[in-house]
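K.L.:
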Amino acid sequence: MDERYRGDVTASACWSALSESEDAVLVDVRTSAEWTYVGLPQLAPIGKSVVLAEWQSFPSMGVDPAFAPKLAERLEAAGIGKSAPIYFLCRSGVRSIAGAVAMTGYGYENCFNVLNGFEGPPDEQGHRGRKAGWKAEGLPWSQN
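Numbering (the UniProt record's numbering), first residue to last: 1 to 144.
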């Protein structure tokens with residue numbers, strides 16, 4: 001287990017936690033291009049919205065050095081305290097670990113990584129979204 005954040009959960013476990021806990025939050029750390037062209041988790045069925053916070057900015061893919069303070073400000077403004085469960089999601093579960101580590105280092109106590117992210121690893125044909133992750137687990141999402 002990685003002790004730099006609380007732990008890893010499946011997308012289905014994340015959905016259950018978001019559904020059951022009033023203060024649980026989903027933070028999507030992918031790029032604005034990914035949100036626009038690949039799709040977004042839809043939390044409307046459980047009365048919530050995804051918090052969008054780029055870990056890296058497209059097209060440079062440089063890490064945002066102000067990620068933690070900017071996200072903390074947004075969470076605080078939304079009334080989300082430092083003990084609330086926060087689930088981090090990216091494409092395949094790598095950038096989300098970085099986000100969880102950063103926010104844990106910023107004093108947030110319950111930061112989780114969503115295993116396999118939104119699209120998961122490529123399948124045998126090289127396509128994502130079929131093998132594991134949010135989309136493959138059949139959780140609500142939409143695409144523009």
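Virtual Cβ for every residue (Gly too), placed ideally from N, Cα, C.
Under the DSSP definition of a beta bridge, which residues are partnered with Leu26?
P.N.:
Note: Leu26 sits in a beta bridge opposite Tyr87.
K.L.:
Would you mind listing the alpha helix (DSSP H) stretches within the UniProt domain "Rhodanese" (20–143) that are 4+ residues and don't spill past its ends, in chain order?
P.N.:
With a minimum length of 4 residues, the continuous alpha helix (DSSP H) runs that stay inside the UniProt domain "Rhodanese" (20–143) are 32–37, 67–77 and 95–105.
K.L.:
For Arg106 versus Ala68, is the C-beta distance shorter than 8 Å?
P.N.:
The sequence as given places Tyr at residue 106; Arg does not occur at that position. Cβ distance < 8 Å, so Tyr106 and Ala68 count as in contact.
K.L.:
If the criterion is Cβ atoms closer than 8 Å, does the pair Ser92 and Asn110 meet it?
P.N.:
Against a cut-off of 8 Å, the Cβ pair of Asn110 and Ser92 comes out as no contact.
K.L.:
Pairs of beta-carbons, one from the segment 17–37 and one from the segment 132–139, closer than 8 Å: are there three or more?
P.N.:
The answer is no - the segment 132–139 does not touch the segment 17–37, with fewer than three Cβ pairs under 8 Å.
K.L.:
Counting pairs of Cβ atoms below 8 Å between the segment 6–14 and the segment 59–74, do you hit three or more?
P.N.:
Result no; under three Cβ-Cβ pairs closer than 8 Å.
K.L.:
Quick one: is Ser96 buried, meaning 16 or more other Cβ sit within 10 Å of its Cβ, or exposed?
P.N.:
Buried, by the Cβ-count rule.
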